[in-house]
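A.B. asks: The sequence shown begins at 1 in UniProt numbering and counts up one residue at a time. Beta carbons are placed, not taken as given, at the ideal position from N, Cα and C, and that holds for glycine. Computed from a prediction, not measured in an experiment: that's the story for all the values here.
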Amino acid sequence: MLSKTGGEGSPRMRSSKGASNVLFRLSQMFVLVALVAFVAAGCGTGAGTPKEGAGEGKTNAADATPKAAAEPIRAVATIYPLYDLVKQIGGDGVLVEQLVPPGAAPHDFEPTPGDIRKIADADVYFYVGAGFERWLDKVRANVDPAKTKLVDVSVGLDLLPGHAHEDGDELDHGHGDVHGTAAPGQASETTREAGPVQSDETPAAAPSYDPHIWLSIANLKQIGRTIVAALADLRPEDKATFEANYDALARTLDRIDQTFRDGLKAAKTREFVVSHQAFGYLARDYGLKQISISGLMNEDPTPKELQAIVDEIRAKDIRYIGFESLTESKIARQVQKETQARAVELSTLENVTKEQLARGVHLQDLIEQNFDTLLVMLGAREGR
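Structure, rendered in structure tokens:
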């Protein structure tokens, strides 16, 4: 028998069932409202105005876009040694051009209006200084220093004077006893038995200083530091990269320097003959003496000076004469024939050929070749 209070048709039972139906309908309405809200939100995100955009997608696209790389520093360098130093130190951050064309003789170079414009369009111009660029006033007159940084790499170097005494006397360095001494315990000489007689008609043949500063490793390292400072001034954020590149180059130069010093221990003479008076700084660094046939700017000797050179080579039994690769000296060839000395290539490193430049030959490679040749000329190594 069913209870009066628990039967299916009782008021309590009907009330409970009605409540369940209400809850079910409310649940359905809640789900429907939630679904509509979800769809509306989705449509709003995907079809919003361009200004509101697809928020997340737009942010990701912006994040994925790489920042524009900084334009490389545009540099111009007068001659190959400076060009190669800037190229190695600057790396990808610098676009450098060589002003004197490959294969050309720098002492005979005269810039064209196009060359001047090239400098004016650059961010920085590195020049030798020490009187090397005799046309530098043209650059200064046509280049805005506020736009193009002009860097004289000879500043801070211990420069050799550009004159020589007659009759082969030792140079008066004029800067105290330290000047001209780089090898402890050894005197260094930079004499020019072949120096021309100076006159008012040939002022260009007598520069105030020897401009061949790049033929000294010690000078090259100082020049490298000057280049780092100039590039870092233009691009401070890349300073660490420039310094790291310089440090790697300096270590290579130190190794080459030490190898040559070790080789010099077996040298039979400290004197060497060259066609062009360009090796004064190298001679100073290592306590050597250069005997040159032509002058600093390739000027020819007088007949009296020429005979003095021939006599000295014979008296000292000097067996080699170093010749440049890019220029030919008939007088130097005459001396070679008269003395029966052997001709060898000893580069002044002022320039390279187009082929060498295309191959990416570096300055340190040429320095090593020069040192190998010098060791033969000085009797420290057998010639081939």
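1) Can we say the region 318 to 333 touches the region 80 to 94, given the rule of at least three CB pairs closer than 8 Å?
2) With DSSP as the reference, label His276 as helix, strand or coil.
3) Using beta-carbon positions only, say whether Thr339 and Ile367 come within less than 8 Å of one another.
4) Rounded to a whole number of angstroms, what is the C-alpha to C-alpha distance between Val344 and Phe279?
5) From what residue to what residue does the beta strand (DSSP E) around Ala230 run?
6) If I measure Cβ to Cβ from Asp220 and keep anything under 8 Å in the same chain, skipping five residues before and after, which residues do I get?
7) Once you ignore the five residues that flank Ile73 on each side, which residues in its own chain have a CB closer than 8 Å to its CB?
8) Output yes or no for whether 8 Å exceeds the beta carbon distance between Leu357 and Pro102.
9) For Lys87, is the classification buried or exposed, using 16 other Cβ atoms within 10 angstroms of its Cβ as the cut-off for buried?
10) Would you report the Cα separation of Asn351 and Ile79, rounded to the nearest angstrom?
11) Looking only at C-alpha atoms, which of Phe132, Ala146, Ile227 and Val151 sits nearest to Pro161?
12) So is Thr373 buried or exposed if we call it buried at 16+ other beta carbons inside 10 Å?
13) DSSP three-state label for Asp311, please.
14) Assuming Ser216 contacts Leu282 under a Cβ cut-off of 8 Å, what Cβ separation, rounded to an integer in Å, is found between them?
15) Distance check for Ala250 and Leu346, CA to CA, integer angstroms please.
16) Quick test of your reading: Ile119 and Val100, contact by CB under 8 Å. State the CB separation rounded to the nearest angstrom.
17) Please work out which residues of its chain come closer than 7 Å, Cβ to Cβ, to Asp63, disregarding the five sequence neighbours upstream and downstream, and give them in chain order.
18) Give me whichever residues DSSP pairs with Phe323 in a beta bridge.
19) Quick one, which of Val361, Gly114, Phe371 and Val228 has its alpha-carbon nearest Val151's?
20) Do Ser292 and Val274 have their CB atoms nearer than 8 Å?
21) May I ask you to report which of helix, strand or coil DSSP gives Gln98?
22) Name the DSSP beta bridge partners of Asp152, please?
23) Exposed or buried, what is Ala315 when buried is set at 16 or more other beta-carbons lying within 10 Å of its beta-carbon?
24) Are there 16 or more other CB atoms within 10 angstroms of the CB of Asn245, so buried, or fewer, so exposed?
25) Tell me which residues share the same chain as Thr353 and place their Cβ nearer than 7 Å to its Cβ, disregarding the 5 neighbours each side in the sequence.
26) Can you list, in chain order, the residues of its chain with a C-beta nearer than 7 Å to that of Trp135? Leave out the 5 residues immediately preceding and following it.
27) Is Val155 buried or exposed, if buried means 16 or more other CB atoms sit within 10 Å of its CB?
28) Give the single residue among Arg261, Asp247 and Glu299 whose Cα lies nearest to the Cα of Gly287.
29) Closer than 7 Å by C-beta to Thr241: which residues in its own chain qualify, once you throw out the five before and the five after it? Chain order, please.
30) The alpha helix (DSSP H) spanning Arg381 covers which residue range?
31) Taking the beta strand (DSSP E) that Ile89 falls in, what are its first and last residues?
32) Quick one: what's got a C-beta closer than 8 Å to Gln222's C-beta in the same chain, skipping five residues either side?
33) Please state the DSSP three-state secondary structure of Ala19.
34) Report the rounded CA-to-CA distance for Ala141 versus Tyr127, giving the unit in angstroms.
C.D. replies: This is what the structure holds:
1) no
2) strand
3) no
4) 15 Å
5) Segment Ile217 to Leu234 is the alpha helix (DSSP H) holding Ala230; no beta strand (DSSP E) there.
6) Reading off the sequence shown, one finds Leu at residue 220, where the question assumed Asp. Cβ within range, chain order: Pro81, Leu85, Trp214, Leu253 and Leu363.
7) Gly90, Gly93, Val94, Leu95, Asp123, Val124, Leu231, Leu234 and Arg235
8) yes
9) buried
10) 6 Å
11) Phe132
12) buried
13) helix
14) 6 Å
15) 23 Å
16) Actually they do not touch by this definition, with Cβ atoms about 12 Å apart.
17) Note that Asp63 scores a pLDDT of 49, beneath 50, so its modelled location is shaky; the value from the coordinates is reported in the next line. Taken in chain order, the list of residues that qualify is empty.
18) Glu345
19) Val228
20) yes
21) strand
22) Tyr127
23) exposed
24) buried
25) Pro102 and Gly103
26) Glu110 and Pro111
27) exposed
28) Arg261
29) Gly91 and Gly93
30) Here Arg381 belongs to no alpha helix (DSSP H), and DSSP marks it neither H nor E.
31) From DSSP, Ile89 is part of no beta strand (DSSP E) but of the alpha helix (DSSP H) over Tyr80 to Gly90.
32) Gly156 and Leu157
33) Confidence at Ala19 is low in this model, with a pLDDT of 46, below 50, so the placement of that residue should be treated as unreliable; the coordinate-derived value is given next. The answer is helix: DSSP assigns Ala19 an H, G or I state.
34) 15 Å
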